[in-house]
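Using our numbering, you'd call the opening residue of the sequence shown number -5 and step up by one each time. Ideal Cβ placement from N, Cα and C applies to all residues, glycine included.
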Amino acid sequence: MAENSHFLRWYELDYRELERYHPDGAKDLLVGKKDGFLVRDVLSQQEAEALASCTESLSVNLQFPMPFGFICGEPLMVSQADRKPYFENARRYRHELIENCGFDFDARLVEVFSKLSGQQEVAIPQSATGDIYGASVIRVIEPHTYGLHAHSGNEFINEYESMSELADKANLYNQLSYFVVLRAPELGGELCLYDLEWEQTPAEVHSNRYPHFSLARDDYFERFEKHYIRPQVGDLIYFAGGRIWHQVCPVIGLYERITIGGFTSFSNDDKDLYIWS
Ligand SMILES: O=C(O)CCC(=O)C(=O)O
-5 MAENSHFLRW YELDYRELER YHPDGAKDLL VGKKDGFLVR DVLSQQEAEA LASCTESLSV
55 NLQFPMPFGF ICGEPLMVSQ ADRKPYFENA RRYRHELIEN CGFDFDARLV EVFSKLSGQQ
115 EVAIPQSATG DIYGASVIRV IEPHTYGLHA HSGNEFINEY ESMSELADKA NLYNQLSYFV
175 VLRAPELGGE LCLYDLEWEQ TPAEVHSNRY PHFSLARDDY FERFEKHYIR PQVGDLIYFA
235 GGRIWHQVCP VIGLYERITI GGFTSFSNDD KDLYIWS
């Protein structure tokens, strides 16, 4: 398979150049004019390590085991029908992150996405009851796992009841994914983007032969061209993860791969760009 081919409209730049070159970056990703950005140095090495260390200090009930390792902070997608625990976990995660690493990562996100959001205000959405959604989770991928199997954000939005409340406020279709690398692995852990978009997905991918997050489905995707992205510690990746099928390659070596990330979507009235997780 060719590496670094040109099907992808991908841009790598410094944090300070964002506003100048991509003031409507989020909309450009949404409408398919661009596919993704690697933005260097959104976090300093010290800030990234402070957030990575939180994986050892956050309350254990903010840690959710996953086949690839674990996640700190509760992902909305897997939350219960009673959303109270999700909002309580989001509140505690936000509080503990600030307490433990001494700076406000949510504020940094708002600052960065404001440079890419055009006319829209950047906000972390609130529920009808005034509870604030989580803006990020920390993902820890351990070596000797399959990494994050191939997926696209669009496959989840109608399948999880947990997304319905947010879907009343925001357009989740073609949601955008973001993550910042906190600890890079020795080898592997690349973001692999397939030359396949959601709307072009062959019908057989949706059949029972290829369950979500399965090796069988990963193997199927091998027939498509791939593009590998290898961000460094502190870099932000922001890409069309709802629209483009992608995977995180297995992590090789002794160390875990740690990222902090989530999603963005425009509000249904198109006034805001929401950050959520
Ligand atoms: O590297 C990560 O944190 C996972 C990115 C990803 O697969 C996604 O946001 O959909």
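Check: residue i C-beta below 7 angstroms from any heavy atom of ligand 1
{"i": "S121", "result": "no"}
{"i": "F150", "result": "no"}
{"i": "V242", "result": "yes"}
{"i": "R272", "result": "With the chain represented from -5 up to 271, any question about residue 272 goes unanswered, as that position is not in the structure."}
{"i": "T195", "result": "no"}
{"i": "T253", "result": "yes"}
{"i": "G147", "result": "yes"}
{"i": "R278", "result": "Within the shown structure, residues of the chain are numbered from -5 to 271, placing residue 278 beyond reach of any answer."}
{"i": "S208", "result": "no"}
{"i": "R102", "result": "no"}
{"i": "L142", "result": "yes"}
{"i": "R224", "result": "no"}
{"i": "L185", "result": "yes"}
{"i": "F173", "result": "yes"}
{"i": "R237", "result": "no"}
Reference residue i; option with closest CA among the options
{"i": "R217", "options": "S208, F62, L190 and R77", "result": "L190"}
{"i": "A144", "options": "G30, W239 and R10", "result": "W239"}
{"i": "G228", "options": "G182, D8 and W4", "result": "D8"}
{"i": "S146", "options": "E159, K163 and H200", "result": "H200"}
{"i": "G19", "options": "A84, S53 and F107", "result": "F107"}
{"i": "E6", "options": "P225, Y249 and I269", "result": "P225"}
{"i": "F150", "options": "P69, E105 and E198", "result": "P69"}
{"i": "N55", "options": "S47, C66 and A46", "result": "C66"}
{"i": "R14", "options": "L2, G112, L37 and F215", "result": "G112"}
{"i": "P61", "options": "K27, S38 and P137", "result": "P137"}
{"i": "E90", "options": "L52, E250, F64 and K27", "result": "L52"}
Limits of the unbroken beta strand (DSSP E) element including residue i
{"i": "G256", "result": "R251 to F260"}
Residue range of the alpha helix (DSSP H) that includes residue i
{"i": "G30", "result": "That residue, G30, is in no alpha helix (DSSP H); its beta strand (DSSP E) goes G30 to R34."}
{"i": "I92", "result": "K78 to C95"}
{"i": "G26", "result": "That residue, G26, is in no alpha helix (DSSP H); it is neither H nor E in DSSP."}
Beta carbon of residue i nearer than 8 angstroms to that of residue j
{"i": "I246", "j": "L181", "result": "yes"}
{"i": "A117", "j": "D266", "result": "yes"}
{"i": "L176", "j": "Q241", "result": "no"}
{"i": "R211", "j": "Y222", "result": "no"}
{"i": "I236", "j": "Y167", "result": "Looking at the sequence shown, residue 236 is not Ile but Gly. Cβ atoms of G236 and Y167: closer than 8 angstroms."}
{"i": "E188", "j": "K220", "result": "Residue identity check: residue 188 is Tyr in the sequence provided, not Glu. Yes, Cβ-Cβ distance for Y188 and K220 is below 8 angstroms."}
{"i": "I252", "j": "T49", "result": "yes"}
{"i": "A234", "j": "G30", "result": "yes"}
Proximity test, Cβ basis, 8 angstroms: residue i and chain C
{"i": "D229", "result": "The displayed structure is made up of one protein chain only, and chain C is not part of it."}
TODO: Check whether the region 98 to 108 touches the region 125 to 135, counting contact only when three or more Cβ pairs, one atom from each stretch, lie closer than 8 angstroms.
DONE: yes
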